[in-house]
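Q: Numbering (my numbering), first residue to last: 736 to 969.
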């Protein structure tokens, strides 16, 4: 019994199962692939030509991230040009191309992140319920006499909702300073009204003490730069 038991143990050790061979082969292949990838990455890594510029710019991006300032690729490149002038790189200044930006982000772990803020939606169910009634009323009018007016807000001080950072940026209160633009036209496109602009100031500084009519466009104002019933009746 003892001899036969030894023989079985030796036989199992000498002849592993197919599953064991497959697992061994996978381990060898994965370790080999990892070593190959690490060797390729080691070969491709190049020394940064301007480490001082690289570090200063990375610290600036992190500071903006801490202050919840949204950054774009063009803004980072422009800041890099400013730092390059301050460091007096001269002819050694990089081109700051899109390829340079990609490599800079990879070196420091920066990625394009989306910041989520307030959101809302129109009552689509109410639109679907009332659309047949609206179409029925419009059948008695020609397309030339049917007008549509819509308004849109220009939030010219609001930061973009995408930024470049190492982590997701927490939501922050957005600057909702706005201008409202109102557009109107008839259904067949034969007449388009001049746009109406609604702002906060009655006569902004950029108008140079002139009215909107004197400058060649329609302009109205109120505290919130919104369309009101009074402006609509005008």
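Note that CB positions come from ideal geometry on N, CA and C, so glycine has one too.
Since this is a predicted model, take the numbers as computed values, not measurements.
Helix, strand or coil for residue 884? Go by DSSP, reduced to three states.
A: strand
Q: Would DSSP call residue 822 helix, strand or coil?
A: Residue 822 falls in the coil class under three-state DSSP.
Q: When the Cα atoms are used, what is the spatial distance from residue 950 to residue 942?
A: 8 angstroms
Q: Could you tell me if residue 833 is buried or exposed, where buried requires 16 or more neighbouring beta carbons within 10 angstroms of its beta carbon?
A: exposed
Q: Assess contact between the segment 861 to 869 and the segment 804 to 824, defined as three or more Cβ pairs (one per stretch) separated by less than 8 angstroms. Is contact present?
A: Segments in contact, no.
Q: In this structure, how does DSSP classify residue 837 when only helix, strand and coil are distinguished?
A: helix
Q: Quick one: is residue 868 buried, meaning 16 or more other Cβ sit within 10 Å of its Cβ, or exposed?
A: exposed
Q: Could you spell out where the beta strand (DSSP E) holding residue 924 opens and where it closes?
A: Looking at the DSSP string, residue 924 is not in any beta strand (DSSP E), and its letter there is neither H nor E.
Q: Are the CB atoms of residue 881 and residue 936 nearer to each other than 8 angstroms?
A: In this structure, residue 936 does not lie closer than 8 angstroms to residue 881 by Cβ.
Q: Rounded to the nearest angstrom, what separates residue 793 and residue 843 at their Cα positions?
A: 7 angstroms
Q: Kindly list the residues whose CB is nearer than 6 angstroms to the CB of residue 894, restricted to its own chain and excluding five residues on each side of it in sequence; keep chain order.
A: Excluding sequence positions up to five before and after residue 894, its CB lies within less than 6 angstroms of the CB of 805, all in the same chain and listed in chain order.
Q: In its own chain, which residues sit with a C-beta less than 7 angstroms from the C-beta of residue 812, not counting the 5 before and 5 after it?
A: 831 and 836
Q: Could you spell out where the alpha helix (DSSP H) holding residue 931 opens and where it closes?
A: Counting along the chain, residue 931 falls outside any alpha helix (DSSP H), though it belongs to the beta strand (DSSP E) covering 931 to 934.
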